[in-house]
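Just so we're on the same page, the numbering used here is the position in the sequence shown counted from 1, plus 1.
The beta carbon of each residue, even a glycine, is placed where N, CA and C say it ideally should be.
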Amino acid sequence: MPFRIATFLLASLLGGACAAAILGWHFAWLGAWLGAVVWLLLDAWRARRLLEVLRVDAAGLPSRGPGVWGELAERIRKLLRARELQTRQAEERLQEFLAAIQASPNGVVLLDEQGRIEWCNQTAAGQFGIDAERDLLQHLANLVRDPAFVAYLASWNYSRDVVIDAPSQARGHRSHSARLSVQVHPYAGNRRMLLTRDITSLEQAEAMRRDFVANVSHEIRTPLTVLAGFVETLQNLPLDAQERSRYLTLMGQQSHRMETLVNDLLTLSRLEGSVAPPPHRWTRIRALMAQCEDEGRGLSNRLSAQGHRLSFSMEADSEIAGAPTELQSAMSNLVSNAIRYTPGGGDIEVTWRLLPDGRGEFAVQDSGPGIAAEHIPRLTERFYRIDRSRSRETGGTGLGLAIVKHIAQRHGGELRIVSTVGKGSRFALVFPVTRLRQASAVSAVA
Ligand code: ADP
């Protein structure tokens, strides 16, 4: 401020001095007055220019000029630059935030006070079958017309979620509908945020768990009921020694059935919960085949007086890495199934060979009844049986192939099933090259 007064006085003094020098001392006051007016006009012009620049484009403010207007311009420029930086940072943070919500596996939709879509991420757009850009400012209730959802949205009671079928336009190539859980969270007055979650697999897993429990209960209840009946008979009826012994044998069979079922259930749960089979524990295929042969011949003799024509052969003397008991269980299971489902006198051929790509194949070919194509994809489901009575008669639990598939997968392998009704079936376990090697000289002698 003192500088401004000083320049003002200087301008009027200068004007006075110039007038005195040119026109004489009598005109000095006029010169001083003119100097002051010129100074004021110049000052007003600079203020106006600054105002115009500010009005049009604040970014174009001149860099520091002289006097108070220069300083003012400089300060405004600095202030604006700081604001710009803050805005840019806030914008970047907002973009990062939106990118994080975009990456979320859950859907997010923001609704304004009128229930119109303000923003939604791609997950929500996909789940609701809407277009994140085209449908902005549309009323969500007009786009998602499920009555339960519409009623929930209008209720303003969001203490729990609502579960709906995903709209058909969101189904895309999927033949069955997805299930969505939608929960609304009000915020900032009457605005609402919708969180959506695809719970299809969760519901499927829950249904599978329920089915599994129901199946296990059913499988155990049947022999238990039979057993209870026998116990009652033994308690209430006077039976001779021969009849008693027959009843006790039948009771033994039922308890054996329950024991087998519990053992298979335990095997499955062990397979699900245990660590991957060791990659460096080597077992000779020859030893596994020998055990299959012993068990297979014993089972064949027990099940049919005629027996089966069994053949076991190996095209390569290999060793396999993994858990020997699991591998034995998988292989024996396939041999046992072939024997149990092939009528006496039938042919069963068990082979081990290396495929052209180096993988190893353990295959069991039988001349049994064969399996219709529609059953094949379901055979490894727990408790899935085609011939229920044959399975029960021969001590089956309906869990055998589920266990085999599990073991194959744990060893990086797969179970292949090929079958023709009336001709027989071929069950093969194919193991990856990484789990195989040629039998070493030492183990080959053993
Ligand atoms: P199970 O204990 O009943 O044998 P599995 O899981 O081992 O259960 O097999 C499932 C079903 O697959 C069996 O119930 C049977 O109907 C069918 N199956 C398995 N192996 C054969 C086979 N070699 N020939 C014909 N059917 C078979």
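Since residue i sits in a beta bridge, which residues does DSSP pair it with?
| i | result |
| --- | --- |
| Cys19 | For Cys19, which the question treats as bridged, DSSP gives no partner whatsoever. |
| Leu328 | According to DSSP, which records beta bridges pairwise, Leu328 is partnered with nothing at all. |
| Met194 | Leu111, His186 |
| Ser314 | Thr352 |
| Ser333 | In the DSSP output, where bridge partners are listed per residue, Ser333 has none listed. |
| Glu320 | Arg285, Arg438 |
| Ser426 | Ser420 |
| Glu375 | Paired residue(s): none; Glu375 is not in a bridge. |
| Phe432 | Gly361 |
| Glu415 | Val431 |
| Arg117 | His140 |
| Asp166 | Arg180 |
Please report the residue range of the alpha helix (DSSP H) in which residue i lies.
| i | result |
| --- | --- |
| Ile77 | 68-104 |
| Val214 | 201-237 |
| Thr261 | 242-274 |
| Glu394 | 389-394 |
| Ser156 | 148-156 |
| Leu304 | 286-304 |
| Ala142 | 141-144 |
| Thr124 | 123-129 |
Can you give me the start and stop residues for the beta strand (DSSP E) that residue i sits inside?
| i | result |
| --- | --- |
| Trp26 | Looking at the DSSP string, Trp26 is not in any beta strand (DSSP E), and its letter there is neither H nor E. |
| His186 | 180-188 |
| Gln366 | 361-367 |
| Arg438 | 437-439 |
| Ile404 | That residue, Ile404, is in no beta strand (DSSP E); its alpha helix (DSSP H) goes 401-411. |
Could you check if residue i is buried or exposed, using at least 16 other CB atoms within 10 Å of its CB as the buried criterion?
| i | result |
| --- | --- |
| Glu233 | exposed |
| Pro168 | buried |
| Phe4 | exposed |
| Pro357 | exposed |
| Tyr188 | exposed |
| Ala445 | At Ala445 the pLDDT is 49, less than 50, meaning the model places this residue with poor confidence and gives no usable figure here. |
| Glu279 | In the sequence as displayed, the identity of residue 279 is Pro instead of Glu. With fewer than 16 Cβ atoms within 10 Å of its Cβ, Pro279 is classed as exposed. |
| Thr197 | buried |
| Pro224 | buried |
| Ala339 | buried |
| Ala291 | exposed |
| Pro449 | For the chain, the structure presents residues 2 to 447; residue 449 sits outside this window and is missing. |
| Ala447 | Only weak support is given to the placement of Ala447: the predicted model assigns it a pLDDT of 45, under 50, and the value that follows is read from those uncertain coordinates. Exposed, since its Cβ has fewer than 16 Cβ neighbours within 10 Å. |
| Ala7 | exposed |
| Leu112 | buried |
| Trp40 | buried |
| Leu43 | exposed |
| Asp265 | buried |
| Val276 | exposed |
| Ser202 | exposed |
| Asn302 | exposed |
For my contact list, residue i and residue j are in at a C-beta cut-off of 8 Å; report their separation, rounded to the angstrom.
| i | j | result |
| --- | --- | --- |
| Tyr199 | Ala179 | First, the amino acid is wrong: residue 199 is Asp here, not Tyr. Yes, Asp199 and Ala179 are in contact; Cβ-Cβ is about 6 Å, under 8 Å. |
| Met315 | Ile286 | 6 Å |
| His412 | Phe428 | His412 to Phe428, Cβ: 16 Å. No contact. |
| Glu220 | Leu262 | 5 Å |
| Gly425 | Asp367 | 5 Å |
| Val185 | Leu138 | Val185 to Leu138, Cβ: 19 Å. No contact. |
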